[in-house]
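Enquirer:
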Amino acid sequence: MSGVAQTNVAGETTTVFSIQPQRQVSASDYVKLSADALNYRIAASQLALRKAERADVKAYAKADYDQAKKQRDSLFAALSNKDRKIAKPTLALSSQRAASIDLLKKSKDDFDNLYLTQMADEAPSMWALQKGYALEGSDPALKQVATLAVPTIESGYTVVKGLTPAAVASR
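Under full-length UniProt numbering, the first residue of the sequence shown is numbered 1, with each subsequent residue one higher.
#1: Between A141, F111, V145 and G162, which lies nearest to M126 when the distance is taken from Cα to Cα?
#2: Can you give the Cα-Cα distance for N113 and T164, rounded to whole angstroms?
#3: What did DSSP end up calling S85 once you bin it into helix, strand or coil?
#4: Can you tell me the Cα-Cα spacing of S95 and F111, whole angstroms?
#5: Could you give the DSSP three-state label for S80: helix, strand or coil?
#6: Can you give the Cα-Cα distance for S26 and L142, rounded to whole angstroms?
#7: Do A123 and I153 have their beta-carbon atoms positioned less than 8 Å apart in this structure?
#8: I'd like the list of long-range same chain contacts for Y115, defined as Cβ closer than 7 Å, with 5 residues on each side in sequence excluded.
#9: According to the Cβ coordinates, are A68 and L38 closer than 8 Å?
#10: For a test of the three-state rule: what should DSSP assign to Q46, helix, strand or coil?
#11: Which of the three DSSP states, helix, strand or coil, is assigned to T90?
#12: Compare the beta carbon distance of L75 and S34 with 8 Å and say whether it is the shorter of the two.
#13: Along the chain, where does the alpha helix (DSSP H) that runs through Q96 open and close?
#14: Look at the alpha carbon of Q118 and the alpha carbon of T158, and state the distance between them as a whole number of angstroms.
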């Protein structure tokens with residue numbers, strides 16, 4: 001799967017992710033799914049800051065950790081306004097993402113490659129959710145959160161793919 005962010009002459013960001021934006025997501029589902037993805041990125045990046053051997057992987061993890069925390073703060077800030085209140089989602093990870101974190105925790109010599117691979121594998125679904133809600137979301141505040149997340153996910157994916165060794169990326 002490839003994914004390179006590009007900005008066309010109209011200033012629109014496009015990607016070559018081989019996935020379509022996720023359509024018809026309710027505001028509450030968007031919040032739950034986004035929080036799960038962000039909590040996963042935060043947990044994975046915290047592990048990478050402790051376990052990664054390569055300096056460039058640690059630098060990516062630090063940047064991704066900071067970005068994911070900022071995005072989660074924006075998401076949580078958008079949960080309540082004068083018109084409605086959406087319940088704050090749990091910080092617990094979904095079973096699939098918890099299993100991915102467990103793999104990272106158990107990883108030894110191959111941690112850097114596993115972390116980079118997981119980040120690259122997660123990006124398309126994160127992008128699809130954010131792009132879909134940015135295009136069709138029903139809640140203006142959450143739509144703004146999604147719109148701001150799209151280019152961050154695209155640029156993060158480009159960076160992580162550049163850090164992933166060719167032998168690992170081709171698996």
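Ideal Cβ placement from N, Cα and C applies to all residues, glycine included.
Expert: Straight from the coordinates:
#1: Closest option to M126, Cα to Cα, is V145.
#2: Those two C-alpha atoms are separated by around 7 Å.
#3: Checking the sequence shown, residue 85 turns out to be Lys, not Ser. Note: K85 maps to strand in three-state DSSP.
#4: Distance between the alpha carbons of S95 and F111: 20 Å.
#5: In this structure, S80 counts as strand in the three-state DSSP scheme.
#6: CA-to-CA, the gap between S26 and L142 works out to about 11 Å.
#7: Yes, these two residues count as a Cβ contact at 8 Å.
#8: Closer than 7 Å at the Cβ level, and outside the excluded window around Y115, lie A44, A48, A52, V57 and L104.
#9: For A68 and L38, yes; Cβs fall inside 8 Å.
#10: Helix, per DSSP.
#11: DSSP, read as helix, strand or coil, puts T90 in coil.
#12: Going by C-beta atoms, L75 is nearer than 8 Å to S34.
#13: Counting along the chain, the unbroken alpha helix (DSSP H) around Q96 starts and ends at S95 to K106.
#14: So the alpha carbons of these two residues sit roughly 14 Å apart.
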